[in-house]
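For the sequence shown, position 394 (counting from the first letter as 1) is numbered 385 according to our numbering, and the numbering increases by one without interruption.
Using N, Cα and C, we set each Cβ at its ideal position, and we do this for glycine too.
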Amino acid sequence: SYANNNLTMTNAKPLNLSKPNVAPTVSQPSFLSDEGIGDKIRSIVNSSNLSDESLVKFTRQLEYWHTQGQSLSSDEFVDLAERLAAAGSRTSNSESSDASFQVPKVRYGRTEIQMPIITCGTMRCQVTWFPDNVPLLSYGPKRVLNSPSQRNLVEVIRTCLKMGINHFETARMYGTSELQVVDALCGMIESGEIKRSDIIIQTKVVPSKTGKEFAKTWEASWKHMQRLEYIDLFTFHVVSNEWQADWILSDDDDMPMAFMKNLNAKGIVRHIGFSTHGPADNIMRLITSNKFDYVNIHAHYFGDYHAEGTPINDGLDHGNSACVKKALELDMGVFLISPYDKGGKLYKPTKTVTSAVGHKLTPISFASLYCWKKVGIHTLSVGLAKMSDLDEALEAARLYSTEGVEEEVDAADKRLKAVYEEKLGCEWMEKGMLNLPSFYNEETNGTALGHILWCHN
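So, in structure tokens, the structure goes:
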């Protein structure tokens, strides 16, 4: 019934486990039995173009607000249903997607790139995590590029482009992702569907302790990327500890930075940045060097992942907020890593968070808008496995320029902070995460105290 977008379902019956091939029946959502709204919701669904995944998300959210959330009037509930249905219909497939809606673009710091505020992250689109340059583990390019995964990726990219999302992020570490993304984009360029100048491509390579060692990893990446002629954004990947920072900050001729500057001078790489999952003081050191055009960073509403609780500014602050502020002062582009997973598993929010955010925004749209509007993040990555993964991010992007949206974000922020204070206390909010030793400090024996307390909070 869900697959057919038909919300007139049979009542649930006990599942007979003695019959192995009997499919369970699905109980009818309670809101469909509500005389004031049931028929209106059916009409909304029947006139929409929801995929199976989007329909499930639509139903779960409405059921929560009907049974456990705040009491909504009939008009408020129908308005919520219309917004959720519209959000879920935008990405049903590349042919029927709403091409009239375009994700806003902003200046990406000193790069001068017009960057969409949503980036298509391709970590979850690949056939396998196995390295594509290790013969015993490799699936082989032909097998990979003829896979259902590749056909799905082409549709994901095509739909993103129709929505104005033209920034595609991959990495050498992401298994077959580089191979697949480049082949998909080149196929569209060769067919005349798009031009090379229409897209922004970013890849990431982990640094090595010498330029010679780094060159080997680079060559494995460039083997794929050279089909696109140049790389818009090259990223030193996962620069998290002190010695990795030393490697890429060194100006010596035999180090990774000198190698990349040479490629930059030749036009093979347009801009150089770094990504990090490290402590805040190490990130600040990299940013204040002023050697990078942009940074991929964790700086979420619900905490800063591994940087959370790591001290900065002589222990007066913690986490990455000061790092983002400094990066913006230096006119660097700021890219938010994993906003919906490492940013608090917002695709599976708690009832507490959902209720505090309220029905006018979802936790995903709230967190996105907060980072764009209040923090100054330029773009955030959505790791796509299928197009419906974009539903709520696109709704947030639609709201980006809407009158009154900042007031809604402020109101949700105020409610969330009130819950935080109620649960943990004002003193803990102000001081509980300060002056914690980093997991790189000897006395912690590698224990990420800040990360553990972040999970606790």
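For residue i, the nearest candidate out of the options (CA to CA)
| i | options | result |
| --- | --- | --- |
| Pro354 | His158, Lys342, Thr301 | Lys342 |
| Thr194 | Pro428, Gly155, Gly112 | Gly112 |
| Ser372 | Val325, Leu176, Glu54 | Val325 |
| Lys214 | Asn436, Ile109, Asp174 | Asp174 |
| Phe430 | Pro340, His291, Lys422, Leu444 | Leu444 |
| His262 | Thr279, Val286, Asp272 | Val286 |
| Ser38 | Phe357, His268, Ala77 | Ala77 |
| Tyr165 | Val366, Glu54, Ser392, Ala211 | Ala211 |
| Pro340 | Pro20, Asn426, Ser42, Tyr55 | Tyr55 |
| Thr304 | Trp120, Leu427, Glu26 | Note that residue 304 is Asn in the sequence shown here, rather than Thr. Ranking the options by Cα distance to Asn304, first place goes to Leu427. |
| Ala236 | His57, Met246, Leu277 | Leu277 |
| Lys422 | Pro107, Ser45, Leu307 | Leu307 |
| Glu399 | Phe121, Val366, Glu418, Ser356 | Ser356 |
| Glu73 | Ser91, Leu41, Glu103 | Leu41 |
| Asp66 | Asp332, Asp43, Gln52, Ile28 | Ile28 |
Where residue i falls, given that 16 or more other Cβ within 10 Å makes a residue buried
| i | result |
| --- | --- |
| Gly131 | exposed |
| Ser64 | exposed |
| Leu385 | buried |
| His447 | exposed |
| Ser(-8) | Here the model assigns Ser(-8) a pLDDT of 29, short of 50, so the residue's position is not dependable and the matter cannot be decided. |
| Glu433 | exposed |
| Lys48 | buried |
| Val410 | exposed |
| Pro126 | exposed |
| Ala439 | buried |
| Thr82 | buried |
| Asp401 | exposed |
| Arg389 | buried |
| Arg163 | buried |
| Lys336 | exposed |
| Glu26 | exposed |
| Glu184 | exposed |
| Gly437 | exposed |
| Thr267 | buried |
| Pro20 | buried |
| Gly416 | exposed |
| Glu383 | buried |
| Trp120 | exposed |
| Lys10 | For Lys10, the pLDDT reaches just 47, beneath the cut-off of 50, and the residue's location in the model is therefore unreliable, although a value from the coordinates is still provided. So Lys10 ends up on the exposed side. |
Cβ pair residue i, residue j closer than 8 Å
| i | j | result |
| --- | --- | --- |
| Ile274 | Asn311 | yes |
| Ile32 | Phe22 | yes |
| Ser379 | Gly155 | no |
| Ser346 | Ala387 | no |
| His442 | Gly300 | yes |
| His350 | Gly60 | yes |
| His297 | Pro270 | yes |
| Phe250 | Ala318 | no |
| His309 | Met216 | no |
| Ile109 | Val94 | yes |
| Leu327 | Ala290 | yes |
| Met420 | Glu412 | yes |
| Asp244 | Lys203 | no |
| Asp404 | Tyr361 | yes |
| Val260 | His228 | no |
| Val230 | Phe265 | yes |
| Thr370 | Pro107 | yes |
First and last residue of the uninterrupted beta strand (DSSP E) at residue i
| i | result |
| --- | --- |
| Asp223 | 222 to 227 |
| Lys96 | 96 to 98 |
| Ser372 | 370 to 374 |
| Gln105 | 105 to 107 |
| Phe460 | Since the first residue of the chain shown is -8 and the last is 448, residue 460 is not available in this structure. |
| Ile191 | 191 to 196 |
| Ser266 | 260 to 266 |
Extent of the continuous alpha helix (DSSP H) to which residue i belongs
| i | result |
| --- | --- |
| Gln52 | 43 to 58 |
| Leu170 | 168 to 181 |
| Leu407 | 396 to 415 |
| Ile239 | 233 to 240 |
| Ser118 | Before going further, note that residue 118 is Val rather than Ser in the sequence given. That residue, Val118, is in no alpha helix (DSSP H); it is neither H nor E in DSSP. |
| His158 | Per DSSP, His158 belongs to no alpha helix (DSSP H); it is in the beta strand (DSSP E), 158 to 160. |
| Ile288 | Run containing Ile288: none in the alpha helix (DSSP H); it sits in the beta strand (DSSP E), 285 to 288. |
| His442 | 440 to 447 |
| Leu254 | 247 to 256 |
| Arg33 | 29 to 37 |
| Val315 | 312 to 320 |
| Val366 | Note, Val366: premise wrong, no alpha helix (DSSP H); not H, not E. |
| Pro20 | Element bounds for Pro20: n/a, residue is neither H nor E. |
| Leu385 | 382 to 390 |
At least three beta-carbon pairs within less than 8 Å, the segment 110 to 120 to the segment 130 to 142: With a cut-off of 8 Å on Cβ pairs, the segment 110 to 120 is in contact with the segment 130 to 142, counting three or more such pairs.
Cβ contact check for the segment 184 to 194 and the segment 223 to 239: 3 or more pairs under 8 Å: Yes, since at least three Cβ pairs between the segment 184 to 194 and the segment 223 to 239 fall closer than 8 Å, the two stretches touch.
The segment 226 to 241 in contact with the segment 166 to 182 per 3-pair CB rule at 8 Å: By the Cβ test, the segment 226 to 241 is not in contact with the segment 166 to 182, since fewer than three Cβ pairs between them sit closer than 8 Å.
Contact the segment 252 to 260 vs the segment 287 to 295: 3+ CB pairs below 8 Å: Contact between the segment 252 to 260 and the segment 287 to 295 is absent, because fewer than three Cβ pairs lie under 8 Å.
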